[in-house]
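Asks:
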Amino acid sequence: MKIFLDTNVMVSAYTARGICADLLRYILAEHELLTGEVNLLELRRVLKDRFHASVEISETIEAELRDETIIPKPAKPSPIPIRDPDDRWVLASAVDGQADLFVTGDQDLLAVADQAPIAIVDPRGCWDRLRQ
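Residues in the sequence shown are numbered from 7 upward in steps of one, following our numbering.
1. Express the C-alpha separation of T110 and N14 in angstroms, rounding to a whole number.
2. How is the alpha helix (DSSP H) around A35 delimited, first residue to last?
3. Tell me whether A125 sits in a helix, a strand or coil according to DSSP, three-state version.
4. Opposite L107 in the DSSP bridges: which residues?
5. Going by the DSSP bridge assignment, what does L40 pair with across the sheet?
6. Output the boundary residues of the alpha helix (DSSP H) element that contains D90.
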């Protein structure tokens, strides 16, 4: 299964113990991990600004993720109206990557799940689907 992780899920996976960390490990072992160039830019910023991560740590995380499938920035954002316009680029990345699941903790993205052409779930929803 092709699973696209949003930035907030990756940040949680790399900075805390819990479901996101477990989910990342499981996806890497059993499925195809996808994320987007737009997510990697945001990941670098969040790690630096919120977590004060060193350049070396950020580069190590990015290198690990670049061993997986990285979707280039789409030609245009998703047409679905989302409160944060940046999220339209993230959703377009997941769609361009033909993800089976788009995993996010972002409530704005979860709110438009019924309008999206792919399944959008929170980390627990992804875990439950994968472990069935």
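Where a beta carbon is used, it is the ideal one built from N, C-alpha and C, also for glycine. All figures in this text were calculated on a predicted structure; none of them were measured in a lab.
Replies: Considering the structure as presented:
1. 7 angstroms
2. 25-36
3. strand
4. I9, A125
5. F10, T75
6. Note, D90: premise wrong, no alpha helix (DSSP H); not H, not E.
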